[in-house]
Structures are given as C-alpha cells and as structure tokens.
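Visitor: Quick note, the sequences are listed as chains A and B, same order. Using our numbering, read the first sequence as starting at 1028 and increasing by one per residue. Using our numbering, read the second sequence as starting at 999 and increasing by one per residue. Backbone N, C-alpha and C fix where the C-beta goes; we use that ideal spot for every residue, glycine too.
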Amino acid sequence: MKKSYITAILLVVFLLTGCWDQRLLKDVRLLLGVGIDYQKGNKVIMSSVVTRNLEKKPPELISTTGSTPRDARINLQRKLIYVPDASKNRIVMLSEALARKGSILEVLDVFYRDPRSALNAKIAIVKGKAKDFLETQSKDNPDLTAFLDRQIVTSEAATIVPDVDLQSIRTGILDPGEDIMMPYMGLNKSNVEILGGALFHGQKLTGTLTPGETTVALLLANQKNKQTTLTLPIEKGVQMTVNILQSKRKLTIQPTGQSLKVSIDLQMNAEAIEMPFGDFSDQKTVAKFNHTLSEEINKEADKVIKKLQAANCDVLGIGRQLIAHHSSYWNQIDWNKEYPKINITSSTTINLTRNGILE
Amino acid sequence: MGTRQADKISRLELFFFILQSVIGIGILSLPYTVFSESKTDAWIAVLLAGIAITINMMINWKLSSHFPSANLFDFLPTLLGKYLSKAVSVGYIVYFLAVAYLVLLLFGDIITRWVLPRTPVLAIYFLLVSTSIYLARESLSVITRFCVIVSIFLPVLLILMLVPLNSSHFIYIFPIGQTGLEAIFKGAKETSFSIIGYELLLVIYPFVKGNHTQIRKVILLSSAFLTLFYTFLVFNCVIFFSSEELEQIPEPILYMLKSFSFRVIERIDLLFLSIWIVTVLTTFVNYLFAASIGIKQLFHQNDHRHFTLAAGFLCLLCAEFTGDRFLVQKISDFLAKASFLFVAGIPLLLLLIIYMKKLRWHGR
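So, in structure tokens, the structure goes:
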C-alpha cells in the first residue's frame, strides 16, 4: 500500500515536469536563417527567414530593427503570433559593413549564449546588405530560402569556400595564432552567388578573395575538401581544368634573429578534366604541362599570399606554428604588426596523374 | 557491525562502485577548472593529479585493511576513544551530506541552464532526490549492482567524446610545458580536489569479498581508469577550443558536443547530459548511503532506511534555500578544501595512530 502510494506520487511528478519546458512545434515559428545589417545609430536590422507552420507555404522573410540582435528578435516576436525559435537555425549572414566594424563576436553573442541555438549553423558575409540579399532570394524563389545553407555546404565540398560554422569561427577568432576566412556571398544582378572568401583579422573583415583565389588559399592552408578544381592557362588562349586528387603541404618556418622565413611547399596530384588540345600519351608533353601548370599556380599562390598579408589575415595559421614550435620568438614579437611584413615564399608543383578516358 | 554474507559485494562491483562514486557532477566543468590554472598543459595536471589520487586511495585502503570486518564508523572508537571518535564520525557524516548537497546544487544549476530553463529548480532537485532515496534505502549489494549496470553508459560517453576529434587542433597543446611547473601543480591541486568519491571505500570496505591484495588491485585499476578517463576528457577540450575561448565556457564538454549533430540525433549534448544524469544519480546515492550508514551506526540502529529518507530531504531543503550562484561557488570552494581533510588528512592521521599503537605494543 505504502509503496504504491510513493510510486503514484513519483509518476505524477514525471507527468508534471514536461509542462514547463515543453515546446511544441505548432506553437513556434522556426528561424531557418538570419541576416544581420548595421544601421546608423548603433542599431541592427535583422532579417529572419521564418517557417509558416499553419499554412503550407514557403518560409517568409521578416525584417525587424533593434539595438542588438536579441532586441531585434524580440521585436520580431511582436510581429508574430507564435514564438520565434532559433534552435533550427541553419545560417547566419552578416553584412559586409557590419563585419568591417570589427566586433562580430558581440553581434553573434546571442547565438553563443543561448543553450538551444544551433552552433553548427553556417555563417557567411554578404556583399551589400543582407536584407536585400535575402529579399531577392525570397522574391525569386521563396522555397529556396529554407535551403540557403546548402549553397555554402556544396561550395565547401568543392573547396570554393572554407568549411566553417558558428562554433569554429569563434575558436579561430579567439586564437591569437590564426585568423579566419568565411564564405563571401552576394548578388550578381539578381542572382545569389558565392563570391569567394571574406578575410578577417581578428573580428574585423579586412579583405576578400575571388573564388579561384579562395581555392588556392585553402590549398595553401591545407584545407582541401572533397573536390577541388582549378582552371589555369596552359598555352596562349588555351586553358586546362584540373581536379586536385591529392595535396600535400609542408609549412617550414625559420626564425633567424629578428626576421622570419616562411616557405610553403605544396605538392599536388591532379587529374585533367578539360583540355581540348592535349595529348596525354606523350610523356614529354605531360611534363611540359606539369611545368606550366606549376608555374601558373605558383603565380596565383604568390598573389593570394600578398592579399592575405595585405589583409593581415593569417589563415595559414603560421602564428599557431610559431606558438607551438618557436615560442621564444613568438613572445618577442607583436604578430599583428609582424605578419604583414614577413617573407612568405611558396613552391607549388602540380603533377598530372590522370587524364580522364581520353588520351 | 556484523557483515552478513548476503550483503557482501564482489570486487567487480567494488570497481564500478568507485567509478560511479567519483565520476559525476565534476566531469562537465573539470576541463574548465583545470584549464583556468594550467592552460594548455591542463592534461598534464590531470595526469599528475591521478598520482595524488592513487596515493590517497592507497592510504584509505591501508587504513581499512587493518580492520577487515569493521568500517570507518566501527573502528574510529578503537583508535580515537569514545568522545573524539563521535566527533569525527559526525564530521564524516556532515561531510558526506555536504557533498551530496553540493552535487544536488550543481546538478540543478546545470540542468536549469542547459535543458529546463523554465522548470522550477525544486522540481529538478525533487526528481533526483526522490529517485536516489528509493535506491539508497536498499542494501549495499543492490546499490553496487545498479552501479555495475549503469556503467554500460560510460563507453557511450567516451564514444560521444570521440566525435569532436575530427575538428580538433592537436597543435593547441604545444609547446608542452609552456605554463611552467607551478601552474601545472596548481591545476593538479584543483583536479585532485574535484576528483573525490573514493573515500566511500572507508565505509564499504568490510563488505568486499576477497583478501587485501586482491582489493588493492581493484582499487589501483579503478584509479588508473579514472585518471585516463579524466585526462582524455580534458585533453579533448584543450585541443578543441582555443585558449581564450575555453576560459569563457564553464561546461566545455557540452558546448563542444552542441556544435555537432548526427542525422538522427541533433543535439548530442542532450544525449550526453541524459547519460551524465545517471552518473550524477549514482554519486548522490552513494554519498547518501554512506551518510545514512554513518547515522545508523552513530545511533546504534539496525536499519538505515529512515535516515536515508531524512538525509535526502535535508539535502533537498538546504539546496532549495541556498542563495545565488556566487554562494554556491563559495560553498564549492570550501568543500573542495574540506574534502582534502576527509579524503586524505584524517585517514593518514588514523594510519599514523595505528602505527604508533603498534610501536607501543611492540615496546612492551
């Protein structure tokens, strides 16, 4: 009798606890993507892609203003019948102007502090206004706004943009020995496009790379993903497209006295995937191809390294290597001032090992 | 206290009893605590702490092995006399209750912050306390068997911790030893304060089957397992987060797991938490049991059940009326220091008394 009494009480308690914290899908409107713009007077405009759970319609885009992102989200709530819920958020887009102000972690705090927010949401920098970007997308093809992150995910797999998410950029930003690169998107006329990589120094956007340059930068940073294609001039007026099969990078760092010598050795095995005038049966020709390709990629790499240094963006993690292996040198210098000045040389070789099913 | 054959536990059960007593509330915040002292050498500090813990365990074992059929509360009078032994017994009981109370407080805090923000914390306390009382009322063999069964979750915890390895940066641990010996020792000190639970050995020792050397082997095994387990957790966090980031995250393990999702399970951190709740429960149960056994023997009773109920609700009441989280922090810091006394200080002292008594006996 006594035992059954206790059991009954316990069961009642189990029934009760769910009530306080239950969140029914029918009572919330899920945020699928967020775009944040800077507005004069220290305000932010937040454009949110929210699901419509009652009608079977594509997600809608609602813009709200607030003094902080959290404030803007509270203002969003005033426009909705149901509570907006960020736990399924897939992407955060920051406008270029906001990122150039140099305090993106402050803006993103709401995503880090909330225990329910999705830390693996993608993040991208948008050329122009995030609001315009999302509005164009929403007008053209509202169904697609639910899958904005897919465009980034596929580009990541193709080594067109770096593979980062909300969590990993915070690690990179807070590490004194490395900087981050984020996907850079924008409107080309009215098309939503990947524009390359956005370079950061600490929390500040300091430069951008084109898609081709981003791929080279990722190769130099040893972040090759599933597929990597490069199109390089091989003769006058002729281009060859290669798919990188394997890439091996060696970063050598030599602090000698006050100066620092950094050399990057990148060796890649590639497959020709487009070469209309090629003859791959001849060993000499292939050797010539290899030579020209290597030369071209070297030029490209030098250009990218200059751009990285101009943006003071240590995406290669040279500083991290210094901390780990040359800490006495690291302690002497101010890396923020030193990095743009150091001498980085690269030697890149491409070796064609496959040529498809044609000779 | 008579030890009936039915109440005896096997050595395997002892192994898991120690694991489940030690592993609990601390695993979530340990990487953060150690890191704030020893930075990227935190994992070395944990390894060092492992040595300290092993030594402590050996002290407890050596002390208990002098009394094969008596536990702490039985043999205290023979060593300390009537009145002092009562005082020390009460000290231990209060200590066991205080640890249980702190476990409850921290449990409520973490569940509120991570999972159930709107649920009154009293309801969370009540769930843990009521289930724990239900188990701690039983005999030791029931409790240890429960510890054995729920230990199948430990490998799951470890497997979940493998998920982040793919996006970790091993370079973060270099240069090894950069923080210097002092910082490492400080971290090791913090760690050995927060890895407690094996002192319950003093209470259950006479119930374990087997001779002293066999038991020592089990204790050494468990300390090795614990050291490696904790080192693995801390190491994992150090290579995942950059320094400045880890200093801002009090529960790095959950935070780390939160940034991953499987196709079926989106929130791995919640999966981890659900399993972690079980390990917290066993810690709480074991302490509650030890405290009520202590009270039982203090008052020369035959049954510990009523005391379990009272002790459980005492913890619940105290937790409910504890103030803000800064007070909790102070209590936690104080208890960490006090634990040193009860885990290592007093057992060592008692051991010395035994040796002195033996010397005197030999002298005659």
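1) Note down, one range per segment and in chain order, each alpha helix (DSSP H) of at least 4 residues found wholly within the region 1302-1351 of chain B.
2) Quick check: what's the CA-CA separation for Tyr1030/B versus Met1254/B?
3) List the endpoints of the continuous alpha helix (DSSP H) containing Gln1194/A.
4) Since Gln1194/A meets chain B, which of its residues come closer than 7 Å, beta carbon to beta carbon?
5) Which residues does DSSP pair with Val1076/A in a beta bridge?
6) Can you tell me the Cα-Cα spacing of Gly1000/B and Ser1067/B, whole angstroms?
7) So for Tyr1030/B, helix, strand or coil by DSSP?
8) For Ser1308/A and Asn1378/A, what's the separation of their Cα atoms in angstroms?
9) Quick one: give me the first and last residue of the alpha helix (DSSP H) that Gln1164/A is part of.
10) Please state the DSSP three-state secondary structure of Met1295/A.
11) Have a look at the DSSP bridge pairing and note the partners of Val1058/B.
12) Between the Cα of Ile1300/A and those of Val1289/A, Lys1330/A, Thr1255/A, spot the shortest distance and give me the residue it belongs to.
13) Tell me whether Gly1175/B is buried or exposed, calling it buried when 16 or more other Cβ atoms sit within 10 Å of its Cβ.
14) Where His1210/B and Leu1074/B are concerned, what is the direct C-alpha to C-alpha distance, given to the nearest angstrom?
15) Once the 5 residues before and after Lys1231/A are set aside, which same chain residues still bring their CB inside 6 Å of it?
16) Can you check whether the C-beta of Phe1305/B is within less than 8 Å of a C-beta belonging to chain A?
17) Which residues in chain B sit within 7 Å of Thr1186/A, going by Cβ to Cβ distance?
18) Assign Val1262/B to one of three DSSP states: helix, strand, or coil.
19) Does the structure place the region 1147-1155 of chain B close enough to the region 1011-1023 of chain B that three or more beta carbon pairs sit under 8 Å?
20) What is the rounded straight-line gap between the Cα of Leu1200/B and the Cα of Ile1344/B?
21) Within 10 angstroms of its Cβ, does Pro1303/A collect 16 or more other Cβ (buried), or is it exposed?
22) Just to check my reading of the structure: Lys1115/A and Ala1145/A have Cβ atoms closer than 8 Å, yes? What is that Cβ distance to the nearest angstrom?
23) Taking Phe1230/B as the reference, which of Met1159/B, Val1088/B, Ser1221/B has the closest Cα?
24) For Leu1027/A and chain B, any beta-carbon pair shorter than 8 Å?
25) Is His1228/A helix, strand or coil when you go by DSSP?
26) I'd like to know if Ala1165/B contacts chain A, where contact means its C-beta is closer than 8 Å to some C-beta of that chain.
27) For a quick check, are the C-beta atoms of Val1331/A and Ala1244/A less than 8 Å apart?
28) Measuring CA to CA, which of Glu1123/A, Leu1057/A, His1352/A is closest to Tyr1065/A?
29) At the 8 Å Cβ level, is Arg1116/B part of the contact set with chain A, yes or no?
30) Keeping to the same chain, check which residues put their C-beta closer than 8 Å to that of Asn1339/A; ignore five residues upstream and five downstream.
31) For a contact defined as C-beta to C-beta under 9 Å, what are the partners of Ser1031/A on chain B?
32) I want to see whether chain A comes within less than 8 Å of Glu1136/B, judged by CB atoms only; does it?
33) Is the beta carbon of Pro1203/A within less than 7 Å of some heavy atom of the ligand GDP?
34) Thinking Arg1135/B and Arg1303/B are a contact (beta carbons under 8 Å), I'd like their distance in whole angstroms, please.
35) Using the Cα positions of Pro1162/B and Leu1125/A, report the straight-line distance between them to the nearest angstrom.
36) Against chain A, which members of the region 1092-1112 of chain B pass a CB distance test of less than 7 Å?
Guide: Well, looking at it:
1) 1303-1318, 1323-1338
2) So the two alpha carbons sit approximately 12 Å from each other.
3) 1193-1201
4) Ser1257
5) Gly1060/A, Leu1088/A
6) For Gly1000/B, the predicted model reports a pLDDT of 44, less than 50, meaning its position is unreliable and no value from the coordinates is stated.
7) Helix at Tyr1030/B.
8) 15 Å
9) Per DSSP, Gln1164/A is one residue of the alpha helix (DSSP H) stretching across 1157-1167.
10) Look at Met1295/A here: in three-state DSSP terms it is strand.
11) The amino acid occupying residue 1058/B in the given sequence is Asn; Val does not appear at that position. Beta-bridge pairing links Asn1058/B to no other residue.
12) Thr1255/A
13) exposed
14) 20 Å
15) Gly1129
16) no
17) Within 7 Å Cβ-Cβ: nothing; Thr1186/A doesn't reach chain B, min ~17 Å.
18) Correct three-state label for Val1262/B: coil.
19) yes
20) 11 Å
21) exposed
22) 6 Å
23) Met1159/B
24) What is shown of chain A runs 1028 to 1386, which leaves residue 1027/A out entirely.
25) In this structure, DSSP gives His1228/A an extended state, which the three-state scheme calls strand.
26) Sequence inspection shows Ser at residue 1165/B; the Ala mentioned does not correspond to that position. It does; some Cβ of chain A falls within 8 Å.
27) yes
28) Glu1123/A
29) yes
30) These residues qualify, in order along the chain: Asp1206, His1228, Thr1233, Asn1363, Tyr1366, Pro1367.
31) Per Cβ cutoff of 9 Å: no residues; Ser1031/A is ~13 Å from chain B at best.
32) no
33) Absent from the structure shown: the ligand GDP. Ligands present: none.
34) 5 Å
35) 31 Å
36) Arg1111, Trp1112
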